[in-house]
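First residue of the sequence shown: 0, per numbering that gives the first Met the number 0; consecutive thereafter.
For reference, the structure is listed below as structure tokens.
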Amino acid sequence: MIYGSVAGLQKSVSRLVLGVDNQVDFETLAPLLDDYLERGGNAFDTAFVYGGGQCETLLGAYLEQRGLRDSVVILGKGAHTPNCNPAAIGAQLTVSLERLQTDFVDVYMMHRDNPDVPVGEFIDALNAQHALGRMRIFGVSNWSLERMIAANQYAAVHGLRGITLISNQFSLAKMLSPVWSGCVSSNDADQPSWLEREGIALMPWSSQARGFFVAGNASDTSNPELVRCWYDAQNFQRLERAKALAGSLGVEAINVTLAYVLHQPFTTFPLIGPRSQAETASSFRALEIHLEPLEVAWLNLETHKVPPRVAS
């Protein structure tokens with residue numbers, strides 16, 4: 000495992016964060032989490048709405064049984080649409096903490112934005128929960144760049160804490176259409192440079208484009224989500240380049256594409272959502288891959304100069 004640091008957290012954070020959003024029972028969850036921890040992972044992503052609360056409950060039971068709360072990082076999310084309002088932040092967090100059997104989350108993020116609410120009201124509500132010790136740091140998920148800038152400007156003017164990390168979608172493949180309503184991607188012209196300039200970390204969801212680099216095939220339209228969200232000529236060109244580089248490295252294209260996310264000029268902690276230990280192992284192979292700057296640019300179609308490891 001490779002670790003990184005996030006401003007405001009004393010714990011180091013594993014660069015791959017395990018999503019706990021699809022679990023149905025303890026017997027399935029425990030071996031998956033045991034394997035992830037044995038590989039060096041220490042960070043879990045969950046949310047108030049996942050599984051109607053079951054996912055938070057299962058994670059809390061697991062950490063309590065294993066006695067691991069103090070050694071792991073919990074990213075909890077709340078205030079999802081239609082309950083995206085300042086009052087929901089504290090109310091839902093109370094329930095989440097009970098489910099998780101803890102007094103605080105290491106990282107709290109608003110799961111969605113509500114442009115009808117002034118950013119200052121959200122910043123005030125987040126700071127109130129932080130002052131109560133119920134979150135170490137906070138950020139936002141699926142917010143536009145304009146709203147994030149405005150939120151941090153408000154925080155600075157009023158002497159409050161601002162957003163220190165975000166969780167928008169980011170991957171080698173560009174998301175053409177939101178996977179779910181209200182989703183926002185950081186794959187645009189401005190967000191990456193802002194993240195680098197401000198020193199704000201990104202915890203991207205769908206960091207492997209929801210299987211596009213495994214199943215993507217222009218002639219196969221059987222998966223409507225893949226077609227709607229990822230199928231276009233440029234993404235298929237990225238897929239072919241990922242396959243070519245993977246072939247020269249002796250790995251799979253999906254390993255290269257996750258390595259691409261890890262090799263950005265801003266800090267990333269990709270969220271992964273394995274359904275099995277084999278899928279976890281596949282994601283961890285990305286940690287062993289070093290990409291040169293030319294390879295990163297070539298994969299993203301920023302240059303037509305073929306990298307030496309591909310050309311050879």
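Even for Gly, the Cβ is constructed at its ideal location relative to N, Cα and C.
Roughly how many angstroms separate the alpha carbons of valine 295 and valine 309, rounded to a whole number? 12 angstroms
Pull up the DSSP beta-bridge partners for lysine 76, would you. Ala46 and Met108
Have a look at the DSSP bridge pairing and note the partners of phenylalanine 137. Tyr107
Looking at phenylalanine 47: is its Cβ nearer than 8 angstroms to the Cβ of valine 19? no
Per DSSP, the bridge partner or partners of serine 166: Ser140
Check whether the Cβ atoms of leucine 270 and valine 12 sit closer than 8 angstroms, and answer yes or no. no
Check whether the segment 220-232 and the segment 167-180 touch, using three or more Cβ-Cβ pairs below 8 angstroms as the test. yes
Beta-carbon separation of glutamate 55 and threonine 45 under 8 angstroms? yes
Looking only at C-alpha atoms, which of Gln207, Gly89, Phe137 and Thr101 sits nearest to leucine 62? Thr101
Whose CA, out of Ala150, Ala285, Pro292 and Leu171, lies closest to the CA of isoleucine 165? Ala150
Where does threonine 93 fall in DSSP's three states? helix
Just reading off the alpha helix (DSSP H) that valine 385 is part of, what are its end residues? Since the first and last residues shown for the chain are 0 and 311, residue 385 lies out of range.
Threonine 80 to methionine 109, Cα distance in whole Å? 10 angstroms
Ignoring anything shorter than 4 residues, give me the alpha helix (DSSP H) runs that lie fully in the segment 173-244, in order along the chain. 190-197, 211-214 and 223-229
Which residues share a DSSP beta bridge with isoleucine 271? Leu17
With DSSP as the reference, identify every bridge partner of glycine 3, one or two as the case may be. Val12
Can you give the beta carbon distance from leucine 99 to glycine 59, rounded, assuming they're within the 8 angstroms contact cut? 4 angstroms
Given a cut-off of 8 angstroms, decide if arginine 284 and valine 250 are closer than it, judged by their beta-carbon atoms. yes
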